[in-house]
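Number of protein chains: 2
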Amino acid sequence: MERVDTRDTKSRLMEAAGRVFSEKGFKTATVRDICRLAGANVAAVHYHFGDKAGLYKALLDEAFELGLKRYPPAMGLADDAPAEKRLFAFVHSFLLRMLGDGRDAWCGKLMAMELNEPTPALDHLVERYITPMSRRLRRIAADLLADGTKPDDDRAFLCAMSIAGQCQHIFRNRAVIDKLSPDFKTDVEDVESLARHIAEFSLCALRGMSHAKRGY
Amino acid sequence: MERVDTRDTKSRLMEAAGRVFSEKGFKTATVRDICRLAGANVAAVHYHFGDKAGLYKALLDEAFELGLKRYPPAMGLADDAPAEKRLFAFVHSFLLRMLGDGRDAWCGKLMAMELNEPTPALDHLVERYITPMSRRLRRIAADLLADGTKPDDDRAFLCAMSIAGQCQHIFRNRAVIDKLSPDFKTDVEDVESLARHIAEFSLCALRGMSHAKRGY
DNA sequence: GACTCCGTCAATCAAGCGTTTTAATCTCAC
DNA sequence: GTGAGATTAAAACGCTTGATTGACGGAGTC
Chain A
1 MERVDTRDTK SRLMEAAGRV FSEKGFKTAT VRDICRLAGA NVAAVHYHFG DKAGLYKALL
61 DEAFELGLKR YPPAMGLADD APAEKRLFAF VHSFLLRMLG DGRDAWCGKL MAMELNEPTP
121 ALDHLVERYI TPMSRRLRRI AADLLADGTK PDDDRAFLCA MSIAGQCQHI FRNRAVIDKL
181 SPDFKTDVED VESLARHIAE FSLCALRGMS HAKRGY
Chain B
217 MERVDTRDTK SRLMEAAGRV FSEKGFKTAT VRDICRLAGA NVAAVHYHFG DKAGLYKALL
277 DEAFELGLKR YPPAMGLADD APAEKRLFAF VHSFLLRMLG DGRDAWCGKL MAMELNEPTP
337 ALDHLVERYI TPMSRRLRRI AADLLADGTK PDDDRAFLCA MSIAGQCQHI FRNRAVIDKL
397 SPDFKTDVED VESLARHIAE FSLCALRGMS HAKRGY
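Just so you know, the sequences run in chain order A and B.
The numbering of the first sequence is this note's numbering, which starts it at 1 and goes up by one.
The numbering of the second sequence is this note's numbering, which starts it at 217 and goes up by one.
Here it is, written out as structure tokens:
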């Protein structure tokens, strides 16, 4: 029995919440800011979502859906595609999610904020979203090590962390990077070259470690 | 004209502030929490530091001193030491600063919090602390690329980011890593093995990229 | 047209925040 | 001891926050 008007303010509220929460985090963001941005009354969030936490939870759920739909764990590549291609696709989509403009960047920024300042919703996030991503990345790393390492090995886990860390770094340290290198841009076209660097860096590392390991 | 008692509550306040600020960030932390932890009255922060921001600034300054003294940019190695050793030393000290227990972890966690939620103090942080670190790391990367790359080149900059990203990842995503791999520990002895991994991963990457570049 | 339900609004509440004021307490030279 | 300055303690101020209230209006039903 949803009315058209209902969905209007409700979705406007969600969009505004996405922008504000992903910029300021749960605690720092205020419902007044969100409602002002949405052009709604402060009471609207209570009416539609119960309270601030309810709005946040609803937003996070929507971010799940969008994130999984837009960047599914397989990321458009077959499981038997060359590991090099899977690595680049993983890195590139990761960066786009984090650095993309507009509403496309919602989910990524929101999740990064959730990591900075964990709320009880973190469990859900890890289970539904991060675990499959981690599994896939460990699989890619294990394939590229090419020395019989299994995705569950500690080596694969460590290498997956090395790759994920590179991907997150640019996003998490934007403020510092801007000061260190003011002409370092992160537009959409630059994201691809950044992804190429990270993929190449990681590829060389994995191949090198594979060779080194055999020599031990 | 400092009294003994003065220094007592003042230093107790600093210690408590270090713990609270480094855990919750500037905005989320409350002076009441800090004062309760320090066993001091709320008015004490006004008396000794002017206001909350003054306390934070004083704390950050102290963290500078401690961080620079304990882990100076050169980190105990000569500038002409082998680049491989310099790389490991850089990574290892970085991790110790971030993951160290007790009051030793102050500065690292505080700076990470400052990055998550920048305050006007960030400029000082970048200028005094991060810039020399970045320069040193770029120098290491350029040396290891061994193909004539200069520390100021974009290639060295990107590789330095890749290394720094790996170092920060374990610290910044502790909550998630604990859930993904509950038996992944970060005790002091484990930090060294972690540092070995990151150093080896990066070393292989740099050497591999150097060879690849020549082939272009 | 009267009634009901749904959505919105301005106004308000209680709690927590940083900060300030005021008074009490302590220390130490004299 | 005493007085002056330094330090602490208690209370309250003003402000912002999330949450709530009760009234208002419009759409649908009979």
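All C-beta atoms, glycine included, are put in the ideal place defined by N, C-alpha and C.
Predicted model, so just to flag it, every value in this text is computed and none were measured.
- Per DSSP, reduced to three states, the secondary structure at Leu293 of chain B is coil, with no helix or strand assignment.
- Judged by their CB atoms, Lys285 of chain B and Lys27 of chain A are not nearer to each other than the 9 Å cut-off.
- By the neighbour-count criterion, in which 16 or more other beta carbons inside 10 Å mark a residue as buried, Ala81 of chain A falls on the exposed side.
- Per DSSP, the unbroken alpha helix (DSSP H) holding Lys109 of chain A starts and ends at 106–116.
- Only exposed fits Glu189 of chain A, as fewer than 16 other CB atoms lie within 10 angstroms of its CB.
- Put simply, the region 61–78 of chain A does not touch the region 25–43 of chain A. Fewer than three CB pairs are less than 8 Å apart.
- For Ala376 of chain B, the enclosing alpha helix (DSSP H) covers residues 370–388.
- At a cut-off of 9 Å between beta carbons, Phe417 of chain B contacts chain A.
- Put simply, the CB of Gly324 of chain B is far from chain A, with every gap to its CB atoms at 9 Å or more.
- Spanning the alpha carbons of Val91 of chain A and Phe237 of chain B requires a straight line of approximately 33 Å.
- With a cut-off of 8 Å on Cβ pairs, the region 385–401 of chain B is in contact with the region 156–166 of chain A, counting three or more such pairs.
- Exclusion of the five residues before and after Leu206 of chain A leaves Ala141, Leu144, Leu145, Cys159 as the residues of its chain whose Cβ lies within less than 7 Å of its Cβ.
- About 26 Å separates the beta carbon of Thr30 of chain A from that of Leu99 of chain A, a gap too long to meet the 8 Å contact definition.
- Note that the C-beta distance between Ala337 of chain B and Lys273 of chain B is below 9 Å.
- In chain order, Leu331, Pro334, Leu338, Leu341, Val342, Ile346, Ser350 make up the part of chain B whose C-beta sits under 9 Å from the C-beta of Val176 of chain A.
- What Gly208 of chain A touches in chain B, judged by beta-carbon distance under 8 Å, is Leu419, Cys420, Ala421, Arg423, Gly424, going in chain order.
- For Val91 of chain A, the enclosing alpha helix (DSSP H) has its first and last residue at 83–99.
- Each of B:Val261, B:His262, B:His427 was checked against the Cα of Asp363 of chain B, and the nearest Cα belongs to B:His427.
- Taking Asp51 of chain A as the centre and dropping the five residues before and after it, the same chain places the C-beta of Val45 closer than 8 Å to its C-beta, in chain order.
- Taking C-beta separations shorter than 6 Å and ignoring five residues to either side along the sequence, the partners of Leu271 of chain B in its chain run Ala233, Val261, Phe265, following chain order.
- For Thr244 of chain B, the nearest beta carbon of chain A is closer than 9 Å to its own beta carbon.
- For the region 352–377 of chain B, residues whose beta-carbon sits nearer than 7 Å to a beta-carbon of chain A comprise Phe373, Leu374, Cys375, Met377.
- Counted as a single uninterrupted DSSP element, the stretch harbouring Val126 of chain A is not any alpha helix (DSSP H), since DSSP gives it neither H nor E.
- Around the C-beta of Asn389 of chain B, 16 or more other C-beta atoms lie within 10 Å, and the residue is accordingly described as buried.
- Segment contact: the region 321–332 of chain B against the region 414–421 of chain B, fewer than three CB-CB distances shorter than 8 Å; contact not assigned.
- Residue-level contact check: Gly241 of chain B touches chain A, since one or more beta carbons of chain A fall below 9 Å from its beta carbon.
- By the criterion of a C-beta distance shorter than 7 Å, Arg86 of chain A is surrounded in its chain by Leu77, Ile140, once the five residues flanking it on both sides are discounted.
- Bounds of any alpha helix (DSSP H) do not take in Val258 of chain B, whose DSSP letter is neither H nor E.
- Rounded to the nearest angstrom, the gap between the Cα atoms of Pro72 of chain A and Arg138 of chain A is 16 Å.
- The residue among B:Cys323, B:Ala256, B:Ala415 with its C-alpha nearest the C-alpha of Ser227 of chain B is B:Ala256.
- Taking a Cβ-Cβ threshold of 9 Å, the residues of chain B close to Lys179 of chain A are Leu338, Asp339, Val342, Glu343, Ile346, Thr347, in chain order.
- Going by C-alpha positions, Thr9 of chain A is about 34 Å away from Val392 of chain B.
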